[in-house]
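Student: Numbering (this note's numbering), first residue to last: 2 to 179.
Cβ atoms here follow ideal geometry from the backbone N, Cα and C, with glycine treated the same way.
Before anything else, here's the structure in question.
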């Protein structure tokens, strides 16, 4: 599948997952993993508590940003055996920083609470039944699903670009040996 089709597919899948059951972090990871052929339910499950600014608090950054960062780190992060080697995490950190910058450029902030205020004029406490109903009436599911799709696409684009760079570098190294 070509890059543009993959980016469109991840957008659609992430949006559909968010509309179906919501959890911005899980939905972004699930869509990225599915498009890239990764089957790791443990990573998706581990992201459960990141929804709605961490634990439905709204106080942390957007769960879709968390999910995109987890997906990037899944492919480019350091392994347990490299924990003492500080430089081994640099690639994932720089790619996560790139995702964060793109996110803030698109949405002005990364904090869930602030995004809700910008989009709806108020924050919704998703643990409060009245707020949950108000969020449904005001179209939060549609707004957040679009955001989740966009962020999954941003993260996948970063992953694909980095994989392409790595492939070119490996090819150049292979040719230099000949």
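#1: Roughly how far, in whole angstroms, is the beta-carbon of residue 153 from the beta-carbon of residue 32, given that I think they are within contact range, below 8 Å?
#2: When the Cα atoms are used, what is the spatial distance from residue 158 to residue 4?
#3: Have a look at the DSSP bridge pairing and note the partners of residue 62.
#4: Leaving out five residues on either side along the sequence, give the residues of the same chain with a beta carbon under 7 Å from the beta carbon of residue 70.
#5: Using only alpha-carbon positions, find the residue among 37, 129, 25, 120 that is nearest to residue 47.
#6: My understanding is that residue 113 touches residue 59, with C-beta atoms under 8 Å, so please give their C-beta distance in whole angstroms.
#7: If you compare alpha carbons, which of 44, 87, 19, 164 is closest to residue 65?
#8: Mapping DSSP to helix, strand and coil, what is residue 135?
#9: Excluding the 5 residues preceding and the 5 following residue 72 in the sequence, name in chain order all residues of the same chain whose CB lies nearer than 6 Å to its CB.
#10: As a quick exercise: from 13, 21, 9, 52, pick the residue whose alpha carbon is nearest that of residue 127.
#11: Have a look at 141, 75, 54 and flag the residue whose alpha-carbon is nearest the alpha-carbon of residue 111.
#12: Among 13, 22, 62, 76, whose alpha-carbon lies nearest the alpha-carbon of residue 44?
#13: Between residue 7 and residue 36, how many whole angstroms is the CB-CB distance? I'm expecting something under 8 Å.
#14: Is the separation between the beta-carbon of residue 116 and that of residue 108 shorter than 7 Å?
Tutor: Let me spell this out:
#1: 5 Å
#2: 8 Å
#3: 112
#4: 97, 100
#5: 25
#6: 5 Å
#7: 19
#8: helix
#9: 30, 33, 156
#10: 52
#11: 54
#12: 76
#13: 5 Å
#14: yes
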